[in-house]
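The structure under discussion appears below in the form of structure tokens.
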Amino acid sequence: MSEPGTPLQPQAANQELRRRIMGYIVSQSIFTVNELRIADRLGGEARSVTDLARECGVDADALHRTLRLLAAEGLFHEGPTGSFRLAALGELLRTEAPGSLHEFVNLMAGESYRVWAESAYSVRTGKPAFDLVHGMPHFNWLAEHPDAARDFNRAQASLVTQRSLPLLERNWQGVKTVVDVGGGNGQLLATLLSQQPHLEGVLFDLPHVVTEAQAKLTESGVRDRTRIVGGDFFAEVPTGGDVYVLAQILHDWNEEQALGILRSCRKALPDHGRLLILEQVIPEDDEPHPAKLLDLHMLVLLGGRERTETDWRSLLADSGFRLESVEQGARSSLMTAVLDGAAR
Ligand SMILES: C[S@@+](CC[C@H](N)C(=O)[O-])C[C@H]1O[C@@H](n2cnc3c(N)ncnc32)[C@H](O)[C@@H]1O
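Take any residue in the sequence shown, note its place counting from 1, add 80, and you have its number in our numbering.
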């Protein structure tokens with residue numbers, strides 16, 4: 081890619097734009113090899129396409145053409161005799177690779193990917209195309225599709241370690257009870273409580289989601305320090321915490337809905353309490369940033385959005401909070417908010 085600000089020659093510009101226009105072919109091919117678990121099948125070896133195709137029960141020629149495309153994209157190395165081995169990017173599709181993106185691909189594929197064919201609807205209306213394509217909002221759809229919901233929760237959990245570092249690494253001294261609002265299947269709370277033996281936790285999420293948490297919390301040895309509560313954060317969130325966590329929650333919702341969740345948290349938060357928000361913060365410039373991609377994904381999927389620091393300040397102020405600090409992390413930022421005395 082050219083340096084930002086350096087004009088491309090017409091020919092190069094044409095090619096660059098074509099590559100982007102046809103980018104979904106690359107995305108979909110990555111989804112296919114992920115589904116076939118080609119990266120795990122290769123491991124550290126070079127293997128022939130015929131062998132791989134036989135093992136997966138797929139068409140050898142079609143698999144060869146898919147792997148050839150992805151070799152050109154840096155996922156594989158193609159050998160002289162129709163054999164392939166993993167390259168640096170492909171390594172990240174291995175299920176056990178450090179920082180594996182296997183589950184992330186599952187999140188971007190399937191029901192989410194189909195929605196993107198109708199993304200213009202979201203631009204015309206500001207509403208989620210998911211509802212148009214699947215006939216109901218995303219979280220309602222997940223409630224009706226237990227297998228997809230389990231995959232969704234597993235994918236979210238797999239991303240926790242990478243995107244929660246600023247939260248896990250903050251100073252937890254002086255905190256007694258942390259409430260993870262929309263805490264999914266408990267991965268973040270399990271990790272945090274394992275690292276901080278003095279902490280107690282409350283896991284709060286939709287009733288059908290928290291049922292999955294029992295095993296994870298027990299496995300991590302923190303079950304006896306955790307209370308599991310099922311409910312709806314638009315109605316209320318559990319009281320009794322001195323820190324409330326909203327990790328990747330508010331970006332799922334539009335302003336009005338996000339205000340509703342924040343107001344539920346405000347009602348539960350004691351005067352000395354802190355609200356920790358773990359989210360992306362969109363930089364206020366025109367440079368590439370992953371949050372700008374996720375922002376549109378949130379729009380088409382949920383009618384939600386990523387926010388700039390200015391947006392965050394005003395959303396928090398409108399719900400009776402004051403943004404105390406923003407700590408930028410590589411994968412997400414940690415915002416700490418306190419009750420705004422004047423707004424109480
Ligand atoms: C993007 S996931 C984030 C999960 C987790 N906090 C993390 O960082 O991985 C959003 C979570 O919000 C939960 N959720 C959605 N609607 C909810 C509601 N009305 N009440 C409580 N939780 C809800 C979902 O079940 C899901 O676990």
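Cβ atoms here follow ideal geometry from the backbone N, Cα and C, with glycine treated the same way.
Kindly indicate if chain D contains any beta-carbon less than 8 Å away from that of residue i.
i    : result
E404 : The chain inventory of the structure shown lacks chain D, comprising one protein chain alone.
What residue does the alpha helix (DSSP H) around residue i start on, and which one ends it?
i    : result
A140 : A140 to A152
D391 : E389 to D398
D332 : Note, D332: premise wrong, no alpha helix (DSSP H); not H, not E.
E299 : A293 to E299
E135 : V129 to C136
E125 : E125 -> no alpha helix (DSSP H), and no H or E assigned at all.
D211 : A209 to H214
L349 : No alpha helix (DSSP H) holds L349; DSSP gives it neither H nor E.
N220 : H218 to E224
Q267 : Q267 to Q275
P466 : Shown here, the chain extends from 81 to 424; a query on residue 466 therefore has no answer.
P370 : P370 to L382
V195 : G190 to W196
S202 : S199 to T205
Under a Cβ-count criterion, where at least 16 other Cβ atoms within 10 Å of its own Cβ denotes burial, should residue i be classed as buried or exposed?
i    : result
I362 : buried
R99  : exposed
K296 : buried
T86  : exposed
E364 : exposed
S405 : exposed
T319 : exposed
P208 : buried
Where does the unbroken beta strand (DSSP E) through residue i begin, and where does it stop?
i    : result
V261 : T257 to V261
R98  : Element bounds for R98: not the beta strand (DSSP E) but the alpha helix (DSSP H), P90 to I101.
E359 : R354 to E359
Residue i bridges to which residues according to DSSP?
i    : result
H157 : R165
V418 : R402
V240 : According to DSSP, which records beta bridges pairwise, V240 is partnered with nothing at all.
G321 : BP columns for G321 are empty, so no partner.
D285 : G310
L181 : BP columns for L181 are empty, so no partner.
I362 : T388
So is the beta-carbon of residue i under 7 Å away from any non-hydrogen atom of ligand 3?
i    : result
I308 : With respect to ligand 3, the structure offers nothing, as its ligand set consists of ligand 1.
Subject >> Pocket of ligand 1 defined by Cβ to heavy atom distance under 5 Å >> reply: F219, Q236, G262, G264, D285, L286, V289, D312, F313, A327 and Q328
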